[in-house]
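Terminal number for the sequence shown in the working numbering: 187, no gaps in between. Don't be surprised by glycine CBs; every beta carbon is placed ideally from N, CA and C. Predicted model only: the values in this text are computed from it and were never measured.
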Amino acid sequence: MAALNLQFTDEEMADLRAAAQREGKSLKALAHDAVVALVSSRKHLVEEAAARVAAISEGLNERLAK
122 MAALNLQFTD
132 EEMADLRAAA
142 QREGKSLKAL
152 AHDAVVALVS
162 SRKHLVEEAA
172 ARVAAISEGL
182 NERLAK
């Protein structure tokens, strides 16, 4: 399994530790879940944008095919 080494300031690390404790998670689990959630949300935005472009260009593509 791939791994990632991140660096944080002391203040950032304190905030992360507090957040992990509030959520009852380890630092590793908190960071993993946050990164995966961010990537998933952005992937969804890209898919929506691609669908919009495809819908808009559908008529154009039909006209160009003639």
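Inspect the beta-carbon positions of residue i and residue j and report whether they are closer than 8 Å.
i, j, result
"Ser137", "Leu151", "The sequence shown places Leu at residue 137, rather than the Ser named in the question. Yes."
"Ser147", "Ala155", "no"
Over the uninterrupted alpha helix (DSSP H) stretch that includes residue i, give me the two end residues.
i, result
"Gly180", "148-186"
Mapping DSSP to helix, strand and coil, what is residue i?
i, result
"Gln142", "helix"
"Ala124", "coil"
With respect to 7 Å, is the separation between the Cβ of residue i and the closest non-hydrogen atom of the ligand ADP below this value?
i, result
"Asp154", "As for the ligand ADP, it is missing from this structure, which has no ligand bound."
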